[in-house]
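Chains as they are written, first to last, in this note's numbering: chain A, 3 to 305; chain B, 3 to 305.
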């Protein structure tokens, strides 16, 4: 039931109204795999530079994340610098240094090629396609993407999407990809591009899952303390996919629970800077908050 | 179990990307009472001008809305003109002609003074206070307000809020009223101003209810067709309060159901222009969509 993730491992410098942090462990694959490893064994494919601190490698290894696919290349690690205003829903990118990530060409170790659950992090859709060429027959291919690829590599993205079963995007990305402002119509249009399951992430407003003809909507947890939204979307996807891998099936019940697990995991992520909260949260704490979440959304039937 | 509403009855001219309509029946009290009358008897206090069409009066009367408090004053009816872009979440006011509404001084007929459930629509907080002076002992005093009063009559609004049990506001209004960007902290701050219950409306993103120490969050229904958001918030409040009046209690179960009923009623409102859909929707249709809504948000517990 291994879960394979391909994406970025980075060093993030982030500033929010509540403080700042330089060169913290970040990257989509880092948040994803840290979250997912709460629930299932994870295999990671990513590249870091010579400057990547050994302690970060040790942290990932200690999470029971298989690092056979983590390569160290000559040069510096991918760096992202961003800030948030009090409108915490949107990151403002101040600087991006791709460094070793610029020539990232994911090669899957032989043991990874039979992965049953696959998550293609937000990388060039051409590279996402090359990963797909290397896997045998996953039960679920999930992917993330962003406006950069939607705007700049649309044809490549559409080719990759034909091979994707579940797409994670935020509202704005869904609207841009579909060229449709209504979010329901946008999701339906994306389903026609390939992925029969579309998960729309809406930050503090929650998430929706369009699973063939079924729809599930979940609000986010109302949080009094939000320090740093970095990694919320990736840890949401990690929690979602980790739950699916642990359950071992794609039943509607499982996917709806996955939506809630992702919501809960992301709610922990944003409570502190960077990975600080996610790295200490336990499966029991996730479970307790999952139960709280069910109470939060509970509505009795009418008499 | 009568539900008393004080607010505006207006003629709206609205333009959305899907069409336009001139001088349609509108106003906060109209949407509220049309929605609430699906569930409970409603008493309406409002003012219209000499030009107010008799057919609108007949429509309201046919809904079993008590019009003893609807006065006709010399002059023209309150008119609002607005437009929406594809970002349907926010109205752009093009013109407001207060007309007879400018000198509105709500006088409650004797029979209204014992109302058990009260909704103070979005009017001058001084007038809201004068209504409160005229009622005997309602079981619940609910109120709406807006940025115009938060910015321009804050002291009066705060005096009124001390006498309010349940405040309906949208996100931006809650943030502005509390001077706090975090929505949970904003709600808690408003609870300290008086209303122990705060309902935050978030348009297409749903709604949240802060009821003393308890919180309930509900997404909106994902709608493929949204024609005109005018009146969504007022019909949400009408559905909410109508359900409470019909249930006759303030139990957490009732209030959570009310949040869902309001959500469902608003979802009908926005599907067509103006009151077109709300005026034809039946209690059975609301109930059927309420059941759909519960399925939409359903998450099974973890094994």
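Don't be surprised by glycine CBs; every beta carbon is placed ideally from N, CA and C.
Tell me whether residue i is buried or exposed, calling it buried when 16 or more other Cβ atoms sit within 10 Å of its Cβ.
{"i": "residue 233(A)", "result": "buried"}
{"i": "residue 21(B)", "result": "exposed"}
{"i": "residue 108(B)", "result": "buried"}
{"i": "residue 251(B)", "result": "exposed"}
{"i": "residue 58(A)", "result": "buried"}
{"i": "residue 42(B)", "result": "buried"}
{"i": "residue 291(B)", "result": "buried"}
{"i": "residue 149(B)", "result": "exposed"}
{"i": "residue 135(A)", "result": "exposed"}
{"i": "residue 66(A)", "result": "exposed"}
{"i": "residue 230(A)", "result": "buried"}
{"i": "residue 88(B)", "result": "exposed"}
{"i": "residue 280(B)", "result": "buried"}
{"i": "residue 116(A)", "result": "exposed"}
{"i": "residue 215(A)", "result": "exposed"}
{"i": "residue 274(B)", "result": "buried"}
{"i": "residue 173(B)", "result": "buried"}
{"i": "residue 6(A)", "result": "buried"}
{"i": "residue 139(A)", "result": "exposed"}
Residues of chain A with a CB under 8 Å from the CB of residue i: which are they?
{"i": "residue 220(B)", "result": "221, 299, 301"}
{"i": "residue 187(B)", "result": "226"}
{"i": "residue 255(B)", "result": "302"}
{"i": "residue 88(B)", "result": "183"}
Could you tell me which of the options sits nearest to residue i, measuring between CA atoms?
{"i": "residue 224(A)", "options": "149(A), 239(A), 205(A), 235(A)", "result": "205(A)"}
{"i": "residue 9(A)", "options": "25(A), 29(A), 23(A), 24(A)", "result": "29(A)"}
{"i": "residue 73(A)", "options": "264(A), 90(A), 103(A), 95(A)", "result": "103(A)"}
{"i": "residue 56(A)", "options": "80(A), 295(A), 71(A), 27(A)", "result": "27(A)"}
{"i": "residue 78(A)", "options": "105(A), 86(A), 60(A)", "result": "105(A)"}
{"i": "residue 228(B)", "options": "219(B), 212(B), 272(B)", "result": "272(B)"}
{"i": "residue 235(B)", "options": "276(B), 52(B), 199(B), 48(B)", "result": "276(B)"}
{"i": "residue 196(B)", "options": "166(B), 190(B), 189(B), 76(B)", "result": "166(B)"}
{"i": "residue 32(B)", "options": "60(B), 23(B), 52(B)", "result": "60(B)"}
{"i": "residue 45(A)", "options": "286(A), 76(A), 287(A), 243(A)", "result": "243(A)"}
{"i": "residue 12(B)", "options": "82(B), 210(B), 62(B)", "result": "82(B)"}
{"i": "residue 288(B)", "options": "142(B), 24(B), 23(B), 37(B)", "result": "37(B)"}
{"i": "residue 23(B)", "options": "40(B), 68(B), 84(B)", "result": "84(B)"}
{"i": "residue 34(A)", "options": "249(A), 238(A), 254(A), 255(A)", "result": "238(A)"}
{"i": "residue 99(B)", "options": "189(B), 51(B), 159(B)", "result": "51(B)"}
{"i": "residue 111(A)", "options": "133(A), 119(A), 63(A)", "result": "133(A)"}
{"i": "residue 113(B)", "options": "53(B), 71(B), 255(B)", "result": "71(B)"}
{"i": "residue 247(A)", "options": "92(A), 141(A), 75(A)", "result": "141(A)"}
What does residue i reach in chain B if we use C-beta pairs closer than 7 Å?
{"i": "residue 304(A)", "result": "259, 289, 292"}
{"i": "residue 204(A)", "result": "207"}
Going along chain A, which residues have a C-beta under 7 Å from residue i?
{"i": "residue 184(B)", "result": "226, 228"}
{"i": "residue 262(B)", "result": "301"}
What residues from chain B crowd round residue i, counting only those whose CB sits closer than 9 Å?
{"i": "residue 208(A)", "result": "207, 208, 219, 221"}
{"i": "residue 93(A)", "result": "None at all; the shortest Cβ gap to chain B is about 16 Å."}
_the segment 247-262 of chain A touching the segment 15-30 of chain A, judged by at least three CB pairs closer than 8 Å_ = Three or more beta-carbon pairs separated by less than 8 Å are not found between the segment 247-262 of chain A and the segment 15-30 of chain A, which leaves the two stretches without contact.
*With 9 Å as the C-beta to C-beta threshold (strictly closer), list the residues of the segment 223-235 of chain A near chain B in chain order.*
223, 224, 225, 226, 227, 228
*Please determine if the segment 140-156 of chain A and the segment 173-191 of chain A are in contact, where contact requires at least 3 C-beta pairs separated by less than 8 Å.*
yes
*Positions along the segment 279-296 of chain B whose CB lies within less than 7 Å of some CB in chain A*: Cβ contacts with chain A: 289, 292, 296.
_Three Cβ pairs or more, each shorter than 8 Å: is that satisfied between the segment 122-130 of chain B and the segment 155-175 of chain B?_
yes
*Per the contact definition of three or more C-beta pairs closer than 8 Å, is the segment 290-304 of chain B in contact with the segment 204-221 of chain A?*
yes
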